[in-house]
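Undergrad: Plus 4 on top of the position in the sequence shown (first one is 1) and you've got the working numbering. Think of the CB as a built atom: it goes at the ideal place given N, C-alpha and C, for glycine as much as any other residue. Below are the structure tokens for one structure; questions will follow.
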Amino acid sequence: MSQTKTGALLGTPLYISPEQARGRNVDHRTDLYALGAVAYEMVTGQPPFLSDNAMDLIAMHLADTPAFPHDRRPDVPPRLERLILELLDKDPAVRPSLEEARAVLIEVRGAKLAQLADAMFERRREQAPVTPATSSGWKWLWAVVASVVVALGAISAMVLRKLKEAAEAYLG
């Protein structure tokens, strides 16, 4: 089993922790920083810092504060935003533990799922009941299925014609 030498720079500049960028000893808190960077990207659609230059990226991880996730995606739950920013703290001692991060994610996911369930329930309640035979969605589905069947038939006929031509050319 190999280990990284103290002082060696190892990591992806988009997700590198400040202590890792400085070549200091790293521990599990470095992974928490990377988790925060990945979570930031998952929530906002882009990493916390962007640059065409790896050294500039590293400098940003060392000194800059990322934009608030809600500035890039207004629907980010405040508690999730706070967790992401805590994970991206420059000071490893300030970062939450993995257990704390997990608890927040469960809390946020539960709240989001409850919110989605409420919204779905409200939409269902507002809609008039429909039967599959009269639903425009079912009519649309049958139109798609019919189109696919016709397309597959046409492709099959074309392939069979080409095979017949190839067989006739081969047999002379």
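(1) DSSP three-state call for G4: helix, strand or coil?
(2) For T16, which residues of its own chain have a beta-carbon under 6 Å away from its beta-carbon, when the five flanking residues on both sides are left out?
(3) Got a sec, what are the start and stop residues for the alpha helix (DSSP H) D60 sits in?
(4) Can you tell which of R86, P96 and K168 has its C-alpha closest to the C-alpha of R28?
(5) Which same chain residues end up closer than 8 Å to H32 when comparing Cβ atoms and leaving out the 5 residues on each side of it in sequence?
(6) Given Y44, which residues of its chain have a CB within under 6 Å of its CB, disregarding the five upstream and five downstream residues?
(7) Grab me the residues of A58's own chain with a C-beta within less than 7 Å of its C-beta, minus the 5 sequence neighbours each way, in chain order.
TA: According to the structure data:
(1) Residue 4 is absent from the model: the chain starts at 5 and stops at 176.
(2) Counting from one through the sequence shown, the residue named residue 16 turns up at place 12. Answer for T16: no residue qualifies.
(3) For the purposes of this step, residue 60 is taken as the residue at position 56 of the sequence shown. Its alpha helix (DSSP H) spans residues A58 to A67.
(4) Against the sequence shown, residue 28 aligns to sequence position 24. When only C-alpha atoms are compared, the closest one is P96.
(5) Mapped onto the sequence shown, residue 32 falls at position 28. The answer, listed in chain order, is L102.
(6) As a position in the sequence shown, residue 44 is number 40, starting the count at 1. Excluding sequence neighbours, Y44 sits near P52 and I88.
(7) Along the sequence shown, read from residue 1 onward, the residue named residue 58 stands at position 54. Here the set comprises P17.
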